[in-house]
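When we follow our numbering, the leftmost residue of the sequence shown carries the number 37, and every step to the right adds one. Each residue gets a CB set at the ideal place from its N, CA and C atoms; glycine is no exception. In what follows, a single structure is set out as structure tokens and then discussed.
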Amino acid sequence: PMTSISGFVDGILDGVIPAEKHSHYLRIVSDEIKRLSRLVVSLLDISRIQAGARKFTMIPFDICEMSRQILFSFEKKIEAKNLNIVFDFDDENLTAIADRDAIYQVLYNLCDNAVKFSSDGGLLKLSINKTKSRKYLVSIYNEGQGIPTGDIAHVFERFYKSDKSRGLDKSG
């Protein structure tokens, strides 16, 4: 984000970007600043979690509704890949008691990856089922290439990417 922000601001200040394009590029700069802010907040959250200082606020919320909203946020990407979506819930509304923001982030990341790595025209299935211990089992399935067997041991390593050529992929 810093490179984009700096480049566009310098282009405006130096007169390289014409006045009629300022508004367009300032919108991009604004978006990049917001993205940078989210990155900083994420890094601070990671530091708090690692230090044991992250406080979770446990509140009741409908995890089914949250899941639907998250998938709706990927509507354009889902349509572009012509994915078939299946919701498999024990009930239409399931109340979870957890840190809503933390669960949202986890579900969002999982859905983002499921959509991103789905095969065109494939199935994407989101299931939420009650367990005997009164917890919920959330699973997300897609028909994509999958993780190579040799890389499964690294799945929880932060910043690990199975496909080294994806190192330049800025979308995740």
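- In the structure shown, leucine 80 falls within a helical segment according to DSSP collapsed to helix, strand and coil.
- By a beta-carbon distance limit of 8 Å, lysine 117 contacts serine 154. Their separation comes to about 6 Å.
- In the DSSP assignment, the residues bridged to methionine 94 are Asp135.
- When DSSP reads this structure, lysine 57 sits in no beta bridge, so it has no partner.
- Classified as exposed, isoleucine 82 has fewer than 16 neighbouring CB atoms from the shown chains inside 10 Å of its CB.
- For the stretch 171-200, the continuous beta strand (DSSP E) assignments of 3+ residues that do not extend past its boundaries occur at 172-178, in sequence order.
- Nearest to leucine 130 by C-alpha distance, out of Tyr61, Cys147 and Thr167, is Thr167.
- It is roughly 51 Å from the alpha-carbon of asparagine 165 to the alpha-carbon of lysine 57.
- Per the coordinates, the alpha-carbon of alanine 134 lies some 12 Å from the alpha-carbon of glutamine 141.
- Here the alpha carbon of arginine 63 sits roughly 26 Å from the alpha carbon of glutamine 105.
- DSSP lists Tyr172 as the beta-bridge partner residues of lysine 166.
- Assignment of phenylalanine 123 by DSSP, reduced to helix, strand and coil, places it in the strand class.
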